[in-house]
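Numbering (the numbering used here), first residue to last: 43 to 228.
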């Protein structure tokens with residue numbers, strides 16, 4: 043949608059608080075009144091942008107399909123991509139969104155909603171990789187460990203301007219594989 047794309051570019055350049063609806067209207071070529079028919083306020087535009095970006099970066103539907111079908115190779119490919127942070131396109135916008143979620147309950151709730159969905163799908167996918175009889179609480183711990191590793195990859199993007207090197211991602215994948223194998227004894 044033109045409004046969300048224009049807002050994205052303006053938010054990257056100027057930040058959320060320095061970007062108003064009038065500026066978004068001008069950049070998108072959409073009248074202010076039409077924007078308000080589609081979005082209740084600027085916060086709703088931010089929420090739409092957050093949902094769009096999280097969906098693109100986390101690809102929860104892809105993870106859900108892989109986990110639901112038990113496609114072990116697809117699950118591993120999703121994990122590798124997630125750990126590499128290869129879907130991060132503009133760290134500045136992600137940082138702006140994270141800062142806004144700390145201040146704005148609506149954006150925080152969008153994050154929590156997407157995170158809850160992603161956690162459930164990641165748990166299901168890791169359960170598909172786990173040996174039969176693996177303790178659910180151990181799978182849940184592994185889910186959180188993978189999410190924390192993904193956060194570390196994002197931090198790497200912030201500090202280095204790129205995702206972790208392939209050998210680092212390989213090491214993280216090896217750690218996950220070892221933990222999956224250890225689930226047999228749980």
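Every residue, glycine too, gets a C-beta built ideally from N, C-alpha and C. Computed from a predicted structure; not experimentally measured.
**Asked** Can you give the Cα-Cα distance for residue 121 and residue 215, rounded to whole angstroms?
**Response** 8 Å
**Request:** Work out the CA separation of residue 63 and residue 44 for me, nearest whole Å.
**Result:** 13 Å
**Request:** Go ahead and label residue 184 buried or exposed: buried means 16 or more other beta carbons lie within 10 angstroms of its beta carbon, across all protein chains shown.
**Result:** buried
**Prompt:** For residue 117, which residues of its own chain have a beta-carbon under 7 Å away from its beta-carbon, when the five flanking residues on both sides are left out?
**Reply:** 108, 109, 167, 170, 171
**Message:** Could you compute how far the alpha carbon of residue 142 sits from the alpha carbon of residue 227?
**Reply:** 43 Å
**Item:** residue 101, DSSP secondary structure in three states
**Value:** coil
**Item:** residue 49 versus 75, 158, 85, residue with shortest Cα-Cα distance
**Value:** 85
**Request:** Within 10 angstroms of the Cβ of residue 158, are there 16 or more other Cβ atoms? Answer buried if so, exposed if not.
**Result:** exposed
**Item:** Nearest to residue 206 (by Cα), restricted to the options 153, 128, 151, 221
**Value:** 128
**Request:** Assign residue 149 to buried or exposed, taking buried as 16 or more other Cβ atoms, counted over all protein chains shown, within 10 Å of its Cβ.
**Result:** buried
**Message:** Using the three-state DSSP reduction, which class does residue 72 fall into: helix, strand or coil?
**Reply:** coil
**Asked** Between which two residues does the alpha helix (DSSP H) containing residue 150 stretch?
**Response** 147–171
**Prompt:** Whole-angstrom Cβ separation of residue 200 and residue 133, contact assumed at under 8 Å?
**Reply:** 6 Å
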